Structure formats: C-alpha cells, structure tokens
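Counted the way the working numbering counts, the sequence shown spans residues 9 to 166. Note that the Cβ used here is the ideal one computed from N, Cα and C, for glycine as well. What you are looking at is a predicted structure, and each value in this text was computed from that prediction instead of being measured. Written below as structure tokens is the structure these notes are about.
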Amino acid sequence: MLGLVAAPAPAAAAPPRGRCGAAAPSEKAGRVALAVPAAATLSLVLWSSPANAGILSGFSGLESRPGPDMPRLEFLEKWNAENQKKYAEFDNRFKNSKVLQDLLEKSKKNKEKNERMIQDKYCLRGAEWGVGDCSTEGMSDQEGEDFISELKKRTGAE
Numbered sequence: 009m010l011g012l013v014a015a016p017a018p019a020a021a022a023p024p025r026g027r028c029g030a031a032a033p034s035e036k037a038g039r040v041a042l043a044v045p046a047a048a049t050l051s052l053v054l055w056s057s058p059a060n061a062g063i064l065s066g067f068s069g070l071e072s073r074p075g076p077d078m079p080r081l082e083f084l085e086k087w088n089a090e091n092q093k094k095y096a097e098f099d100n101r102f103k104n105s106k107v108l109q110d111l112l113e114k115s116k117k118n119k120e121k122n123e124r125m126i127q128d129k130y131c132l133r134g135a136e137w138g139v140g141d142c143s144t145e146g147m148s149d150q151e152g153e154d155f156i157s158e159l160k161k162r163t164g165a166e
C-alpha cells in the first residue's frame, strides 16, 4: 500500500471540469488505484480472525441467579386465589354450555360432510380419467356414464 502512489497531474494547466465538477479521468484512476488495495487490506484485517468473547466468555450471567424473595402481601394472594376460582368456574360453565356443545356437534358433522365431498370429488376425477379406485374400466359404457353422473350429482358438478 505504501508503494502505490499516484503520479502527479501535469503542472501545465488544470484539466477542465464537467458540469457536475467531476474530476478528470487521470485523477479518478489514481484515486481508484489507491482505494482498491486499501479496501482489500481493511477487509482482511477485519475478517481474518474470529471474534473472542474475552474474559466474560462462559459467564452464565445475572439471569441465572435467583432473585431476592419479594414480600408477600396477604390481600394480593387472597385476591389472586379468588380470581383463579372465578376463572375456573367461568371456564367450566363455558365448556359445559349448550351453545358450545351445539357448535362442536355442528363442527363434527361439517368435518365428516366435507371429507366425504372431497373423497367424491377425487373419485369423480379418477372415474373421468380412468385411474384409481373409481375407474370405470371394466364397466360397460352405460354403467360408466351412470356412475360418473351419480358422482357429479353428489359433488354438485352437474
């Protein structure tokens, strides 16, 4: 880096500058010639060695130490216990409510219905393509058409 020195500009006349005040090409080349090796050296210095944590490496930190015992306030503990009982009662009342039971039953029926619709849709696709368990191969043309039309009615594709 010390051996790279840009040649001085000719002393005869200052080079003309553009509208933006940009340096002449010879000045730019000299700056670039100095900047590239400097950047390369700096990157090697910064990234050549791994980072060390120093003397505190392996120290478990303050988070691992138990904190001091906080004073126990009786009225807060009593209030917290009452709230916990109240919340448990609300949870039980909600879990046993008629509305929730109806919604769970509807959800179960919808799940079964949707699974059946998806199976019928894939069965229809397999019958139309002639592949899979629902293939119409081996059926007469009339039986195959009836089977496919029944699947279309089930899936609502008709």
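In this structure, the beta-carbon distance from lysine 160 to leucine 132 falls below 8 Å. In the structure shown, arginine 73 falls within a coil segment according to DSSP collapsed to helix, strand and coil. DSSP places alanine 96 inside the alpha helix (DSSP H), whose first and last residues are 82-103. Glycine 134: member of the alpha helix (DSSP H) spanning 106-137, first to last residue. For aspartate 141 against threonine 163, the beta-carbon gap comes to about 16 Å, at or over 8 Å, which does not count as contact. Between arginine 101 and tryptophan 87, the alpha-carbon positions lie close to 21 Å from each other. Just measuring C-alpha positions, the residue of Met78, Ile156, Arg73, Glu82 sitting nearest glutamate 136 is Ile156. The DSSP-derived three-state label of proline 45 is helix. Annotated three-state conformation of glutamate 153 is helix, per DSSP. Here DSSP, grouped into helix, strand and coil, assigns threonine 163 to helix.
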